[in-house]
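A short write-up of the structure that comes next.
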Amino acid sequence: MINRRQPNKTKCQLLAFTVMFLFAQYGPMLPAQAQRIDADTLSLNTGNYTLSPKAREAAVLLGILPKVERLLEIKRAKADGSANTLTDEELGLKVDILDRVLGGSLEVRMVAGRIDRELAWAYAGHDMLQARRQRNLNMIFTANFMQIGVLGTLSGPYFLRDQAKTGTELLLLASSIGLLFSTLSLIESRSGTKKLDGGSTILADVFHIDANDKPDHRIEIITNYLNAVPPNSADKKTRIDTLVTNWKKGKYLTSESKENLEKLAAVQPAGKRYRENIPLLTKRIRMLFDTQFTIELLHEELLDLLRTVETI
Amino acid sequence: MNATGSKLFNLARLLVPVILVQTLTLPAFATPKENFLDIKLTPDRDLSSEAQGYLRADAREMEQLLGVSSIVEKIKIAKQSGQDTASLPKATQNARMLLLWRMLEASEEVRRVVNQIDFDLAETHIALDGLVAKKNMTSNMLNTANFFQGGICGVVKNSMALKKYNPVARQTIAISSFSTSLLLSTINLTVPYWYHKRPDHNGNMLAHIFDPAYKPRDAQNSYLWKFFNSPVPGAPQTLTRREILVKHWQSFGGVRAGDDRTIKLVTDSPDNDINESIGLLNQRVSLLQDMKTHIEEFDACLFELHQSTTATTIASGSTGQNPPSIK
């Protein structure tokens with residue numbers, strides 16, 4: 001009985017899978033393609049002028065939601081068959097929206113540029129400490145080999161001349177120095193610090209730390225974007241909370257003490273002299289990349305908004 | 313001893329006033345040395361003029377560079393009337409469109425140059441990684457060989473000792489092992505200087521800054537080029553941004569003034585026939601990265617110009633004009 005039904009069940013599953021696959025492949029593309037081919041026709045036929053959640057968030061962040069909605073309203077009114085020409089009001093609204101979108105885009109570029117600089121700085125410090133550590137370790141290893149070679153070679157003739165005591169003493173000395181060098185290399189492989197320099201990073205904004213050196217440019221849109229909950233978010237966490245959660249999960253953020261956050265953000269409070277090491281710089285680099293990626297996702301929302309405004 | 317002491321005392325009596333006079337007078341005669349270690353290619357803010365409603369210094373420079381001063385003026389005046397920007401007259405909307413157009417054009421110029429620098433950086437990183445990998449592999453191989461030979465000779469020597477072999481033979485093996493160890497570790501010291509890469513002769517973006525005769529094809533139309541060939545407004549020195557960048561690299565980047573050989577090397581010049589080392593590639597990465605971040609300062613200036621024309625409210629008391637003292 002089960003064996004006879006099995007092929008039918010499999011066929012149904014296969015058919016369902018094929019339908020789902022085709023829908024997943026081509027379903028979402030259809031409206032987009034139609035928009036590109038004949039956006040006005042589709043819009044007029046459906047009469048459905050709505051903003052996607054991402055486009056809506058972008059409009060809110062840029063402070064142009066009423067203008068976008070007004071544009072939608074005009075389009076809805078036109079959908080009943082009136083002329084499809086651009087009125088002065090529509091032109092004004094579109095210029096306004098374009099203006100703000102370009103502003104948002106420039107802000108993202110500016111902040112991404114700033115993070116590029118902070119990343120370059122962090123990488124330079126990281127590479128310098130790594131190179132210094134590697135050079136020191138190589139020197140220690142080489143010195144160890146050399147001293148063993150020299151003392152070992154010197155001890156040989158003593159053994160040959162029946163002066164085993166002196167020879168053994170030399171070998172003992174070589175072994176002791178070897179032990180010392182090995183201990184030094186262990187210490188060196190975990191050491192290496194430098195003074196904290198280069199000014200505070202964007203992470204100060206992420207951790208909400210009040211840095212002494214205020215940046216030269218206001219980044220209101222980005223700050224609001226980072227502190228907002230993304231549209232359709234399941235856990236209702238802000239973007240900053242999501243970043244922090246992921247850093248904790250990945251063990252990049254192991255302590256939320258003020259000092260640790262300040263060091264990660266390269267904030268040097270008055271009267272304190274923090275130093276940074278390789279693990280700290282590695283964590284900062286990772287955090288800066290994550291923040292840059294999150295910030296650049298705003299481009300996606302701006303694009304969504306532009307496309308919506310273009311097609312309506 | 314006493315005679316020597318009195319001689320020293322007399323010498324000190326003579327020298328101390330001379331040193332004091334030198335210390336006190338030298339700074340007065342010395343020309344102030346300009347510091348190019350930490351540079352900023354954008355003008356400093358003038359908060360007092362901003363409080364009067366004037367544009368920020370960087371935005372002001374940008375509006376002049378893009379040739380949109382009259383447009384910015386028009387928009388400011390229109391906005392001062394309290395009118396909603398969407399309902400401004402068509403002529404003003406056209407002016408706004410032109411402003412946005414120019415800003416987008418300038419922004420695209422930055423993207424284009426940054427893209428080229430990113431390519432140069434990627435190319436240099438690939439070459440650098442290749443050389444560093446080779447260097448590390450050789451160094452590791454030498455260390456491993458050293459351990460190996462020490463281990464093998466030690467096992468052989470001690471096995472011979474257990475079987476009561478001739479001590480001379482045993483010691484000869486030990487001495488050979490120690491000498492080989494010395495030789496291998498000495499060789500290891502020289503490994504960082506072994507590996508070089510033949511130059512690609514592609515030339516990179518650094519050449520555009522180092523070569524004073526360089527001029528791009530679109531120099532007449534390029535806002536970025538004009539920006540880099542003009543001095544920072546309000547700065548004490550009259551050097552162009554390009555010259556400041558070169559001075560900056562001379563201060564921190566290890567490129568001495570007039571050192572054509574190094575310049576040819578870091579710029580990957582077609583005239584260069586010297587192979588590239590790890591140190592040189594590191595230097596090139598550092599200079600390219602620095603150039604990229606300084607070029608991206610242009611984005612911030614554009615942003616400030618945009619902010620000044622987009623702000624919904626304009627500071628009260630604004631004359632709608634720029635202060636005249638801009639270079």
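Taken in sequence, the protein lines are chains A and B. Just so we're aligned: 96 in the numbering used here is position 96 of the first sequence, and the numbers increase by one with no gaps anywhere. Just so we're aligned: 350 in the numbering used here is position 38 of the second sequence, and the numbers increase by one with no gaps anywhere. Cβ atoms here follow ideal geometry from the backbone N, Cα and C, with glycine treated the same way. From a predicted model like this one, the values you see are computed outputs, not experimental measurements.
Beta-carbon within less than 8 Å of residue i's beta-carbon, same chain only, minus the 5 sequence neighbours each way: which residues are those?
i, result
"B:V503", "K447, T450, S451, L454"
"A:T166", "S155, Y158"
"A:L280", "K263, L264"
"B:S493", "N458, Q461, G462"
"B:V384", "L367, E375, L411, L617, S620, T621"
"B:N541", "T552, R553, R554"
"A:I321", "Because chain A in this structure spans residues 1 to 312, residue 321 of chain A falls outside the shown range and cannot be described."
"A:A228", "E57, L61, T238, R239"
"B:M603", "I429, M517, L518, I521, L557"
With DSSP run on the structure shown, which of helix, strand or coil describes residue i?
i, result
"A:R275", "strand"
"B:P479", "helix"
"A:K236", "coil"
"B:T447", "According to the sequence displayed, residue 447 of chain B carries Lys and not Thr. Note: B:K447 maps to helix in three-state DSSP."
"A:L51", "coil"
"A:T242", "helix"
"A:R218", "coil"
"B:S489", "helix"
"A:S105", "helix"
"A:F207", "coil"
"A:E256", "coil"
"A:V267", "coil"
"A:Q163", "coil"
"A:A228", "coil"
"A:N212", "coil"
"B:K469", "helix"
"A:T85", "coil"
"A:L297", "coil"
"B:M517", "coil"
"A:S200", "coil"
"A:I177", "helix"
"A:I64", "coil"
"A:G250", "coil"
Starting from the C-beta of residue i, find all residues in its chain whose C-beta is less than 7 Å away, skip the five residues before and the five after it, and write them out in chain order.
i, result
"B:S581", "G515, A519"
"B:F522", "V558, I575, T579"
"A:F181", "I140, A143, N144"
"B:I487", "none"
"B:L377", "Y535, K538, F539"
"A:Q292", "A112, I115"
"A:I148", "A174, G178"
"A:L305", "A55, A58, A59, V101"
"B:V567", "W561, T574, I575, V578"
"A:Q268", "L196, Y274"
"A:E300", "K54"
Less than 8 Å between the CB atoms is what I'm expecting for residue i and residue j, so what's the real figure, rounded?
i, j, result
"B:M517", "B:D432", "5 Å"
"A:K194", "A:L129", "6 Å"
"B:P355", "B:P545", "4 Å"
"B:L412", "A:L102", "6 Å"
"A:A122", "A:S200", "With 8 Å as the limit, A:A122 and A:S200 do not qualify as a contact, their Cβ atoms being about 12 Å apart."
"B:N594", "B:R510", "At roughly 18 Å, the Cβ-Cβ gap does not stay under 8 Å, so B:N594 and B:R510 are not in contact."
"A:L298", "A:Y225", "5 Å"
"B:I590", "B:V426", "About 26 Å separates the two Cβ atoms, so there is no contact after all."
"A:R109", "B:T605", "No, A:R109 and B:T605 are not in contact; Cβ-Cβ is about 13 Å, not under 8 Å."
What does DSSP give as the partner residues of residue i in its beta bridges?
i, result
"A:K75", "Looking at the DSSP assignment, A:K75 forms no beta bridge with any residue, so it has no partner."
"A:T193", "A:N277"
"B:K509", "B:E588"
Excluding the 5 residues preceding and the 5 following residue i in the sequence, name in chain order all residues of the same chain whose CB lies nearer than 6 Å to its CB.
i, result
"A:I64", "I97, R100"
"A:F207", "L261, A265"
"A:S185", "L137, I140"
Threshold first: 4 residues or longer. Then list the alpha helix (DSSP H) segments lying entirely within the stretch 351-423 of chain B, N to C. 359-363, 369-377, 381-392
Return the chain-ordered ranges of every alpha helix (DSSP H) run that is complete within the stretch 524-607 of chain B and spans a minimum of 4 residues. 535-540, 553-564, 572-578, 590-607
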